[in-house]
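So the sequence shown is residues -21 to -1, 1 to 529, counted in mature numbering (1 follows the signal peptide of the UniProt record, and there is no 0).
Where is the CB? At the ideal position from N, CA and C, for every residue including glycine.
Keep in mind that this is a model prediction, so the values were computed, not measured.
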Amino acid sequence: MKKLLSLLLTLALLLSGAALAETAQPALTQDLVVLFTSDVHCGVDAGFGYAGLAAVRDAMAADNHVLLVDNGDSIQGEPIGTMTTGESNIQLMNAVGYDIATIGNHEFDYGMDRFLELTQEASFPYVSANFTHDGELVFDPYVIKEFDGVKVAFVGITTPKTITSSTPAYFQDEEGNFVYGFMQDDSGEALYAGVQSAVDAARAEGAAYVVAMAHLGIEAGCAPWMSTDVIAHTTGIDAMLDGHSHSLLEQEVVQNKDGEDVLLAACGTKLQAIGYLRIATDGTLSTGLYQWNNDVALPELLGLEGEVRTAVDEAGAALESRLGEVVASTAVDLVISDPETGVRIVRNAETNLGDLCADAYRILSGADVAFVNGGGVRDAIAAGDITLNDILKVHPFGNAMCVVEATGQQILDALEWGAQVVPEENGGFLQVSGLTYEIHTYIPSSCSQDENGMFTGVSGEYRVKNVMVGGEPLDLEKTYTLASHNYMLKNAGDGFTMFQGCALLQDEVMLDNQVLINYITQTLDGVVGEAYADPYGEGRIVAVPEAPEA
């Protein structure tokens, strides 16, 4: 234990960077170390894992006051979250012994009611200074912890991008009015004012230090609500521990509204690092990271995992046993192969499972149209009970639903790119919802691509024709809302570059397998029925092998 503690203290000095100058604050008799995690995304056994995290916490507690906090997005991202709608994650966080948590955008992926239920199961409080219902805060904006008579406030902040990076309907009433919010406005001023109010209240209660637990991010796309934006427009925060961007940031010094220094740190994702804030007995503050590498992953550290290791293992075993759990049923075979020949067709022709998956994206997102790449529909589902394992076999990749604004021209280009080799297979072949189209396979593809196989344009006649959206001809100049996943819309997966730069309306709202589960269980009332009876789909995609007679 002493050897491990010595190692951790040495690492703290090496990783902390320059500490802030001593201020006239009440004195601690021991250093206070605030360990923080963020964006665990169900990685309960990734990196340090929760067991390793608990071991680090216990080692640090030998000679320090220690708190453990989480900055959001802990309950979504892998089957352990999907299959238990976050329950196993909260149970493990309870076992680890978290002291406080704030809310990330993905805490809402299982719906508002479910999230609020989970907060009641947590043995630690959630805090957010800007999550509101009908204009009133849902949770306390901060909590104060006291050590040696010194009060330290922890203020929670949740990104206002949550509404578009989760499911908007979860924040609306039955009439479609937004009743939940995050102090969002175009300027950021509403958020800054809400945070400032919480900080001022904490100071008025006697807080000697104020620590912001933020799920804001530092990417430009997070503006005007980036962590640096909030620091620059407020006063009274001593340190901000951030999440959302999955960034690794040991320590950055950012000036607040009055030109005073504020520490900013972030710890990445899936427990690849454990962040810390140290408030020393002399009043100085420093931040840093314990990163999962050979310097930290010592046998003696792993030997301290104890009861949390057991809890993680038991959760994993329970997950395996739940793979056979029935979540819905289907009256028809849902196919990816031709039922007559057994040849896979989901990558070059419409199938009823392709229709189902695309419908799930469109209906749950409320978009005009939806695309699902055939290569992302991996397995069939036989008529009868549908288990969790069946769903995960259809969508095993964990892609996340997004919605963009796209022009009719971009939609046409995507259809053309997906159909470029039909009747041959192509993982980028598009199963669709909300539109119909023809593929005139006698027309040679004139799609061009760069050296990396990425779409660059169409030089000749389009083989995709007669595209209809909602029964109306596709308007190349019109803007439509398009649902798909991050793989295609954000990351240009399968070479779909035409959507790069499109306005992002919903960002990584929920995992593809959760989208499919929710559509079947909620929209279809748990039964895939006769609407999907035809294995070849309902005629959304028609291949035309010969030129029509003049």
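Residue i vs residue j beta-carbon contact at 8 Å
i, j, result
"Ala191", "Ile136", "yes"
"Gly397", "Leu414", "no"
"Ile370", "Asn492", "yes"
"Phe350", "Ala339", "no"
"Arg519", "Glu319", "no"
"Met91", "Tyr29", "no"
"Gly238", "Cys246", "no"
"Val448", "Tyr459", "yes"
"Ala25", "Lys249", "yes"
"Asn331", "Val311", "yes"
"Leu313", "Ile390", "no"
"Ala193", "Leu220", "yes"
"Thr138", "Cys201", "yes"
"Leu47", "Gly76", "yes"
"Leu343", "Tyr159", "no"
"Ile496", "Val306", "yes"
"Ser308", "Gly363", "yes"
"Leu71", "Ala252", "no"
"Asn68", "Ile59", "yes"
Contacting residues, own chain, Cβ-Cβ under 8 Å from residue i (five flanking each side not counted)
i, result
"Glu125", "Val131"
"Leu264", "Ala(-3), Leu(-2), Tyr188, Asp217, Ala218, Leu242, Leu256, Arg257, Ile258"
"Pro104", "Ile79, Ala80, Phe118, Asp119, Val122"
"Lys457", "Thr386, Gly387"
Own chain, CB closer than 6 Å to residue i, minus 5 neighbours either side, in chain order
i, result
"Asn73", "Ser102"
"Ser224", "Gly196, Ile197, Glu198"
"residue 563", "One cannot answer for residue 563 here, as it falls past the ends of the chain, which runs -21 to 529."
"Thr141", "Asn84, Phe161"
"Arg341", "Ala349, Ser412, Gly413, Ala462"
"Leu453", "Gly387, Val446"
"Gln399", "Ser424, Cys426"
"Gly474", "Gly432, Met433, Phe434"
"Leu11", "His44, Phe126, Ile258"
"Leu468", "Cys381, Val383, Phe478"
"Leu455", "Gly387, Gln388"
Cβ-based neighbour list, residue i, same chain, cut-off 7 Å, excluding 5 preceding and 5 following
i, result
"Val178", "Val134, Val189, Thr213, Gly215, Ile216"
"Pro203", "Ser166, Gly167"
"Arg301", "Met62, Leu367"
"Ala276", "Low per-residue confidence applies at Ala276: pLDDT is 49, beneath 50, and the placement is therefore not dependable, though the value from the model is reported in the following sentence. For Ala276, where only same-chain residues beyond five positions count, there are no Cβ hits under 7 Å."
"Pro524", "Thr420, Tyr421"
"Asp429", "Thr435"
"Glu231", "Leu243"
"Val287", "Tyr29, Ala30, Ala33, Ala74, Val75"
"Gly516", "Glu329, Thr330, Asn331, Gly333, Asp334"
Neighbour-count burial assignment, residue i, 16 or more Cβ in a 10 Å radius
i, result
"Gly56", "buried"
"Pro423", "exposed"
"Glu509", "exposed"
"Asp113", "exposed"
"Glu395", "buried"
"Gln234", "exposed"
"Leu(-8)", "At Leu(-8) the pLDDT is 38, less than 50, meaning the model places this residue with poor confidence; the figure from the coordinates comes in the next sentence. Exposed, by the Cβ-count rule."
"Asn156", "exposed"
"Gly436", "exposed"
"Glu229", "buried"
"Gly128", "exposed"
"Asn405", "buried"
"Asp42", "exposed"
"Ile365", "buried"
"Gln270", "buried"
"Ala108", "buried"
"Gly303", "exposed"
"Glu86", "buried"
"Val443", "buried"
"Glu154", "exposed"
Closest by C-alpha distance to residue i, when choosing among the options
i, options, result
"Glu293", "Val23, Gln9, Val448", "Val23"
"Gly472", "Asn352, Ser344, Thr64", "Asn352"
"Asp240", "Gln388, Ala211, Val12, Arg93", "Ala211"
"Phe376", "Ala33, Gly321, Val494, Ser438", "Val494"
"Gln479", "Gly31, Ile79, Asp392", "Asp392"
"Val506", "Val400, Gln399, Leu335", "Leu335"
"Pro402", "Asn470, Arg326, Ile365", "Arg326"
"Glu115", "Phe94, Pro147, Met467, Gly173", "Gly173"
"Asp208", "Ala186, Ser67, Lys236", "Lys236"
"Val35", "Gly303, Ser438, Gly285", "Gly285"
"Cys21", "Ala512, Pro527, Glu66, Asp486", "Glu66"
Contact with chain B by residue i, beta-carbon distance below 8 Å
i, result
"His464", "Considering every chain present, this structure includes no chain B. It has just one protein chain."
beta-carbon residue i near the ligand GTP non-hydrogen atom, thresh 7 Å
i, result
"Leu394", "The model on display carries no ligand, and the ligand GTP is accordingly not part of it."
Would you call the region 49 to 59 and the region 6 to 25 touching, i.e. three or more CB-CB distances under 8 Å? yes
Taking contact to mean at least 3 C-beta pairs separated by less than 8 Å, is the region 370 to 384 in contact with the region 461 to 477? yes
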